[in-house]
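At position 352 of the sequence shown (counting the first as 1) the number is 354 in my numbering, and the numbers step up by one without a gap.
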Amino acid sequence: MLAATGLSTATASASASPLATEQVAAPTVAGPITGGRFGIPFNSSPVPLGPAGYTEQEYFFSGTATGYQQAGTWGSDGRWSVTPAEQAPYESRMLVRRPADPARFNGTVIVEWLNVTAGADLDPDYLYDSAELLREGYAWVGVSAQAVGVNALRGIDPARYASLNHPGDTFSYSIYSQAAAALLNRGGVRPLGGLRPKALIADGESQSALRMSTYANAIQPVDRLFSGFLIHSRSADSAPISQAPQAAQPSPPIAADRTDLDVPVLTVETETDLFTAPLFYQRLSQPDSARFRLWELAGSSHVDANWLGLAAAEVSRFVPVPPGSCALPPNSDQENYLMDTALAQLDRWVRAGVPPVHAPRIEVDGSAIVRDADGNALGGVRSPILQAPTASHSGTGNSGPTISCLLSGTMTPFTPAQLSARYPAHATYVAEVSVAALGDVARGYLLPRDAAAIIEQAENASIPA
Numbered sequence: 003m004l005a006a007t008g009l010s011t012a013t014a015s016a017s018a019s020p021l022a023t024e025q026v027a028a029p030t031v032a033g034p035i036t037g038g039r040f041g042i043p044f045n046s047s048p049v050p051l052g053p054a055g056y057t058e059q060e061y062f063f064s065g066t067a068t069g070y071q072q073a074g075t076w077g078s079d080g081r082w083s084v085t086p087a088e089q090a091p092y093e094s095r096m097l098v099r100r101p102a103d104p105a106r107f108n109g110t111v112i113v114e115w116l117n118v119t120a121g122a123d124l125d126p127d128y129l130y131d132s133a134e135l136l137r138e139g140y141a142w143v144g145v146s147a148q149a150v151g152v153n154a155l156r157g158i159d160p161a162r163y164a165s166l167n168h169p170g171d172t173f174s175y176s177i178y179s180q181a182a183a184a185l186l187n188r189g190g191v192r193p194l195g196g197l198r199p200k201a202l203i204a205d206g207e208s209q210s211a212l213r214m215s216t217y218a219n220a221i222q223p224v225d226r227l228f229s230g231f232l233i234h235s236r237s238a239d240s241a242p243i244s245q246a247p248q249a250a251q252p253s254p255p256i257a258a259d260r261t262d263l264d265v266p267v268l269t270v271e272t273e274t275d276l277f278t279a280p281l282f283y284q285r286l287s288q289p290d291s292a293r294f295r296l297w298e299l300a301g302s303s304h305v306d307a308n309w310l311g312l313a314a315a316e317v318s319r320f321v322p323v324p325p326g327s328c329a330l331p332p333n334s335d336q337e338n339y340l341m342d343t344a345l346a347q348l349d350r351w352v353r354a355g356v357p358p359v360h361a362p363r364i365e366v367d368g369s370a371i372v373r374d375a376d377g378n379a380l381g382g383v384r385s386p387i388l389q390a391p392t393a394s395h396s397g398t399g400n401s402g403p404t405i406s407c408l409l410s411g412t413m414t415p416f417t418p419a420q421l422s423a424r425y426p427a428h429a430t431y432v433a434e435v436s437v438a439a440l441g442d443v444a445r446g447y448l449l450p451r452d453a454a455a456i457i458e459q460a461e462n463a464s465i466p467a
């Protein structure tokens with residue numbers, strides 16, 4: 003469900019402490035890994051890390067993974083149980099980006115389940131959240147949890163990754179848990195160096211978000227490794243717990259994020275996710291509860307121009323990325339700023355027990371999003387780009403030969419006449435953007451630094467020219 007990049011056609015207190023790892027054996031860790039054809043890890047950050055005081059290292063980890071089967075009938079409430087099934091040896095990898103100076107570490111590690119829809123590992127939420135991650139001292143770890151990603155690594159750089167071995171996605175949940183256990187283990191090779199985490203937040207976007215939901219519903223109650231979950235752009239259904247035939251017990255076609263966890267879950271959905279096949283999140287549209295929040299981002303798309311540019315820069319160092327050939331330019335929204343806020347609010351929920359604000363849902367009429375006179379969605383979390391618009395932003399309406407076209411949405415700029423009528427002077431535009439940005443800070447949807455950046459962009463924009 004994540005866009006291809008050319009690789010292949012109520013208030014409740016939360017516990018901030020990582021929980022005991024007795025349930026999960028720590029794997030054997032090797033590294034930092036060096037060498038190979040390119041001399042750097044695949045997915046090496048396209049965002050410069052040195053100026054932020056960060057270091058990037060890659061580690062291999064290995065052990066025996068457990069596959070699971072459903073225990074009992076899985077219902078749509080997500081309150082699922084599993085039983086251990088077969089076991090298999092594996093060797094996978096994790097990519098670690100962390101403050102070089104331990105004094106800069108804020109105590110939270112974001113553990114992203116790398117997305118493999120494009121045929122190889124990608125790190126979408128790192129690309130969305132990199133500004134907040136790097137300025138606030140988070141550690142970020144990307145885990146190659148699925149077979150497609152590991153097998154692609156072996157093909158892209160066999161000199162570096164030949165030893166990796168993945169027994170199949172039945173074992174992906176156990177591999178992800180063991181990666182977390184390695185981060186908490188204080189013996190042997192320590193991927194976080196001298197950092198001592200106070201919280202691990204599990205994170206996944208799109209196809210990985212489905213895996214996150216299944217993990218939170220079925221594995222977190224057993225392994226209890228994570229302090230919270232960030233689930234970004236999931237569909238209404240669920241990922242299977244096993245690759246084995248499940249005809250007798252199919253995964254539910256509509257599956258909520260369970261609300262009886264002792265850790266919080268924040269789910270973030272874009273316009274694209276509500277009605278676009280195969281996502282159809284609107285079928286679920288889960289209500290908020292003591293441990294669950296849903297934010298729907300008006301004017302946003304499953305992937306946007308900013309993300310596509312970063313992803314292409316990341317991947318093109320290793321494999322060719324063909325030029326875009328979608329019918330229309332992709333949506334150029336402000337999802338990265340809203341995701342910064344989502345991360346910050348979830349971290350505060352995890353560490354201080356303060357939940358994110360409740361957000362209104364995007365307004366819908368049947369199977370269509372209700373739009374204002376400018377063509378922008380009503381309701382939802384509305385960033386300044388919709389409150390002081392210079393274009394119509396949509397999560398749908400694009401087409402082309404790749405899935406990225408379907409998921410990248412559209413942006414239709416206003417004509418010069420429309421801009422002049424709406425903003426008679428440049429100062430008028432800057433004032434409206436400022437009011438919108440500061441209002442979103444007050445409402446809890448924007449961070450002050452990001453609001454300042456948006457206002458600065460408005461000051462430098464040639465509007466209404």
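Glycine residues also receive a C-beta, built at the ideal position from the N, C-alpha and C atoms.
- With a 10 Å radius around the Cβ and a threshold of 16 neighbouring Cβ atoms, Ser-302 comes out buried.
- Scanning Asn-333, Phe-416, Met-341 and Ala-370 for the CA closest to the CA of Cys-407 turns up Asn-333.
- Shown here, Gln-71 sits in a strand according to DSSP, grouped into three states.
- Around the CB of His-168, 16 or more other CB atoms lie within 10 Å, so the residue is classed as buried.
- The count of Cβ pairs closer than 8 angstroms, one atom from the region 69-78 and one from the region 46-55, stays below three, leaving the stretches out of contact.
- In the DSSP assignment, the residues bridged to Gln-59 are Val-98.
- By the neighbour-count criterion, in which a residue is buried when 16 or more other Cβ atoms sit within 10 angstroms of its Cβ, Ala-184 is buried.
- DSSP places Ile-35 in the coil class of the three-state scheme, outside both helix and strand.
- Rounded to the nearest whole angstrom, the CA to CA distance from Ser-46 to Leu-263 is 34 angstroms.
- The closest CA to that of Arg-198, considering only Asp-125, Phe-107 and Leu-136, is found on Phe-107.
- In this chain, the beta strand (DSSP E) harbouring Trp-297 covers 294-299.
- In the DSSP assignment, Trp-115 is bridged to Val-145.
- For Ile-457, the enclosing alpha helix (DSSP H) stretches over residues 450-462.
- Look at the region 253-292 and you find these whole runs of alpha helix (DSSP H), each 4 residues long or longer: 273-277.
- In the three-state scheme derived from DSSP, where H, G and I count as helix and E and B as strand, Glu-365 is classed as coil.
- Here the region 431-446 does not lie against the region 298-316, with fewer than 3 beta-carbon pairs under 8 angstroms apart.
- Inter-residue distance for Gln-284 and Leu-276 is about 5 angstroms (C-alpha atoms, whole angstroms).
- In the three-state scheme derived from DSSP, where H, G and I count as helix and E and B as strand, Arg-373 is classed as strand.
- Annotation: the continuous alpha helix (DSSP H) that includes Gly-441 extends over 428-445.
- When the beta-carbon positions are compared, Asp-131 and Leu-345 come within less than 8 angstroms of each other.
- For Ala-204, the enclosing beta strand (DSSP E) stretches over residues 201-207.
- Ranked by Cα distance from Gly-381, the options Pro-418, Thr-272 and Ser-318 are led by Thr-272.
- In the structure shown, Ala-122 falls within a coil segment according to DSSP collapsed to helix, strand and coil.
- Judged by DSSP in its simplified three-state form, Ala-313 adopts helix.
- Under the DSSP definition of a beta bridge, Pro-415 partners with Ala-393.
- DSSP, reduced to helix, strand and coil, places Ser-215 within a helical segment of the structure shown.
- Ala-201 is a Cβ neighbour of Gly-109, given a cutoff of 8 angstroms.
- Inclusion of Val-383 and Ala-361 in the CB contact set at 8 angstroms is warranted, their separation being smaller than that value.
- In this structure the region 124-142 does not lie against the region 170-177, because fewer than three pairs of beta carbons, one per stretch, are closer than 8 angstroms.
- Taking the Cβ atoms as the reference, Pro-415 lies roughly 5 angstroms from Ala-393, within the contact range of under 8 angstroms.
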